[in-house]
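So the structure is just underneath, and the comments pick up after that.
There are 2 protein chains.
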Amino acid sequence: MSLLTIGKLAEATGVKVPTIRYYESVGLLPEPPRTDSNRRLYDQETVRRLRFIRHAREMGFETDAIRDLLRMAAQPDRSCRQADGIARAHLTAIDDKIARLTALRDEIEHMLADCPQDHIYSCKVIEVLADHSHCLHAEH
Amino acid sequence: MSLLTIGKLAEATGVKVPTIRYYESVGLLPEPPRTDSNRRLYDQETVRRLRFIRHAREMGFETDAIRDLLRMAAQPDRSCRQADGIARAHLTAIDDKIARLTALRDEIEHMLADCPQDHIYSCKVIEVLADHSHCLHAEH
DNA sequence: GCTAAAAGCTCCAGTCACTAGAGGATCAAG
DNA sequence: CTTGATCCTCTAGTGACTGGAGCTTTTAGC
Ligand SMILES: [Zn+2]
Ligand SMILES: [Zn+2]
Ligand SMILES: [Zn+2]
Ligand SMILES: [Zn+2]
């Protein structure tokens with residue numbers, strides 16, 4: 001009675017049906033049992049597992065990291081050092097991304113602020129793109 | 001004498017040879033003339049054009065936007081409103097990305113700060129991933 | 001019980017901006 | 001003349017899905 005079709009699982013988790021099949025194909029979800037007519041049947045444990053995957057994806061963890069985190073989540077008595085390590089590495093990666101985007105942001109804002117908004121021949125946007133030496137930053 | 005092989009063009013611009021061919025295939029670079037033995041020959045104008053493309057890519061502009069910017073750069077007497085508009089749209093997109101990443105960053109930092117760093121069963125990282133209601137933010 | 005819509009299945013292709021490799025031709029240097 | 005570098009085209013792979021074709025099965029209304 002608590003078994004779900006793929007459609008109901010999709011509804012329960014907010015994950016699209018093709019995405020659920022995709023997660024199965026890449027080993028994030030185990031192959032579920034099937035009905036006589038070959039349809040997938042999921043239990044509540046899969047609901048939890050899929051929510052975990054979804055949440056981790058929303059937080060930007062990659063498939064490989066999620067596979068590791070799921071394996072760890074199933075071993076409650078072991079140390080969480082590795083799990084925390086994955087999160088910390090992710091944090092560092094996000095910080096790098098933010099730093100790069102912020103530098104970019106400032107550069108583009110400057111271009112726009114400096115542009116007299118007239119013709120292309122005096123457009124700061126085009127000028128900066130055409131000539132790297134007009135850049136604020138050292139290198140990209 | 002100022003004509004370059006694809007390898008020299010790559011050297012002059014820092015763009016890899018396969019990437020130059022790729023840019024040609026998607027219409028960012030025009031098909032260049034060839035030697036008798038079918039090798040591409042580039043002039044100085046292409047060097048400038050490729051630098052422009054490269055710089056725009058480094059700033060995160062997408063292929064379609066770059067195609068538009070190149071077309072505008074070739075029409076110096078027209079208004080730069082559109083060019084500025086592309087840059088402004090890009091700025092907004094970057095701001096959105098930074099906002100999302102910053103929220104993410106804070107969330108992951110909190111998970112890590114709250115974790116007693118002991119066993120998986122008490123690991124805050126695993127707990128938050130397993131249960132969305134433990135999140136700080138409203139929704140993702 | 002019948003029929004039509006909805007949901008399921010598999011497999012394949014497309015996204016973005018490259019990157020890498022196979023397999024072959026041609027060029028430059030010694 | 002030979003060897004190694006460079007060039008050519010074409011194909012496939014990356015990550016994380018998304019969408020469609022073409023098919024079978026279930027479900028709901030009548
Ligand atoms: Zn302008
Ligand atoms: Zn620059
Ligand atoms: Zn922990
Ligand atoms: Zn959350």
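Residue numbers (the UniProt record's numbering), protein chains in the order written: chain A, 1 to 140; chain B, 1 to 140. Note that CB positions come from ideal geometry on N, CA and C, so glycine has one too.
Cβ proximity to chain A below 8 Å picks out I94, D95, K97, I98, L101, T102, L104, R105, E107, I108, E109, M111 from the stretch 93 to 111 of chain B. Among the CB atoms of chain B, one or more fall inside 8 Å of the CB of Q75(A).
For R21(B), there are no neighbours in chain A by C-beta distance under 8 Å, as the nearest C-beta there is about 22 Å away. Here R67(A) really is in contact with G27(A); their C-beta atoms are around 7 Å apart, less than 8 Å. Distance between R21(A) and C123(B), taken at the CA atoms: about 29 Å. Placement of the Cβ of Q117(B) at a distance of less than 7 Å from at least one heavy atom of ligand 3 is found.
The beta strand (DSSP E) runs lying completely inside the stretch 47 to 124 of chain B and spanning 3 residues or more number zero. Under the three-state reduction of DSSP output, R39(B) falls in the coil class, being neither helix nor strand.
The residues F61, A65, D68, L69, in chain order, have a CB closer than 8 Å to that of I86(B) in the same chain once the five nearest residues on each side in sequence are set aside. Per DSSP, reduced to three states, the secondary structure at L129(A) is helical.
With a cutoff of 8 Å on beta-carbon distance, Q75(B) and I120(A) are scored as near each other. Take V47(A), set aside five residues on each side of it, and the residues of its chain with a beta-carbon closer than 6 Å to its own are A12, in chain order.
For the pair of segments examined, the stretch 31 to 51 of chain A was found not to touch the stretch 77 to 92 of chain B: the number of CB pairs separated by less than 8 Å stays below three.
By the criterion of a C-beta distance shorter than 7 Å, T63(B) is surrounded in its chain by V26, L28, once the five residues flanking it on both sides are discounted. Taking C-beta separations shorter than 8 Å and ignoring five residues to either side along the sequence, the partners of R57(A) in its chain run I66, following chain order. Shortest Cα-Cα distance from Q117(B) to any of D114(A), Q117(A), R78(A) involves R78(A). With 16 or more other Cβ atoms from the protein chains shown falling within 10 Å of its own Cβ, H55(B) counts as buried. With a cutoff of 7 Å, D84(B) counts as near ligand 1, since its C-beta is closer than that to a heavy atom of the ligand. Taking C-beta atoms as the reference points, A130(A) and A73(B) count as a pair closer than 8 Å.
Neighbourhood of R78(B) in chain A, by CB distance below 7 Å: H119, I120, in chain order.
Looking at F52(B), D106(B), L41(B), the one whose alpha-carbon comes closest to that of S133(A) is F52(B). Under a criterion of Cβ atoms nearer than 7 Å, the residues of chain A adjacent to R88(B) are, in order, L112. According to the DSSP assignment, P18(A) belongs to the alpha helix (DSSP H) that extends over 17 to 25. In this structure, the CA atom of D43(B) is about 17 Å from the CA atom of D36(B).
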